[in-house]
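Single-structure report; data block below.
Numbering (this note's numbering), first residue to last: 204 to 474.
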């Protein structure tokens, strides 16, 4: 018996460890909803978040009221302002991302090591933070886009193009916020204003504004052809449209994937 115990102890111990590991990883799919619930509980308990949400609602109403008071008599001018609204509303969404999305990783603080010890990878934590932040940012983008198009009475093409671009910008800015927040984590800082005003916050905001500006520049080509058709000069060039679509897709992939990959690697190597 003693000889058998000495011989098979290593195999028995390894079998028990494998069983425990399988049991732990069996609960891994349940951690996704738990992480979302954790984000909601933290958000709900912080009174500052609710006061800032009220300020955001007021800002949206002021923004829409300002759009309504613009002296725009021409229908074409109204459609042009509706398209340019992608830039101004995108700036509002980027500011929301700087306040809520970018600091979300750093606000984990010392509890980050609890997440790292759980049976899930860094990418999953980042995806949960993206999902939690994307819902309010898409809501704000949808409200600003639809209400602005309704107030201005934009034509159908401009309304759909601007709304689709604004929703895409919201998702892109949200992904950039999580990516850059992971690339520049500050777990030792508890004051959120120090996180926003850090080097990472500046890089995130500058990149977001550059991304929004390039979005407007790329979509300016189909808008120019649309206005030319309204003035009686059909100049639709499908090669230009294909190039614009490919450029827009490449821009969004680069803007979202690059900071995401860099941020994930930074968190995985963080000690």
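C-beta: ideal position from N, C-alpha, C; glycine also.
Simplified DSSP assignment, three categories, for residue i
i	result
residue 394	coil
residue 363	helix
residue 472	coil
residue 439	coil
residue 276	coil
residue 389	coil
residue 294	helix
residue 434	coil
residue 357	coil
residue 400	coil
residue 308	coil
Check whether residue i and residue j have beta carbons under 9 Å apart
i	j	result
residue 415	residue 300	no
residue 438	residue 385	no
residue 403	residue 390	no
residue 357	residue 285	yes
residue 381	residue 296	no
residue 267	residue 351	yes
residue 433	residue 324	no
residue 342	residue 371	no
residue 420	residue 446	no
residue 480	residue 369	Residue 480 cannot be examined here, being either before or after the span of the chain that is shown, 204 to 474.
residue 329	residue 466	yes
Inter-residue Cα distance where the pair is residue i and residue j
i	j	result
residue 428	residue 401	42 Å
residue 312	residue 398	12 Å
residue 460	residue 288	25 Å
residue 366	residue 456	19 Å
residue 305	residue 293	16 Å
residue 458	residue 281	30 Å
residue 378	residue 462	8 Å
residue 392	residue 326	23 Å
residue 260	residue 464	33 Å
residue 262	residue 353	18 Å
9 Å Cβ cutoff, residue i in contact with chain D
i	result
residue 378	Of the protein chains in this structure there is only one, and it is not chain D.
Presumed contact (8 Å Cβ cut-off) between residue i and residue j, rounded CB distance
i	j	result
residue 340	residue 373	5 Å
residue 422	residue 451	7 Å
residue 310	residue 395	7 Å
Any 3 or more C-beta pairs closer than 8 Å across the stretch 335-346 and the stretch 408-422: Flag = no, the stretch 335-346 and the stretch 408-422 do not touch.
Touch test, the stretch 421-436 against the stretch 340-352, Cβ-Cβ under 8 Å, three pairs minimum: The stretch 421-436, when compared against the stretch 340-352, does not touch it at the 8 Å Cβ threshold.
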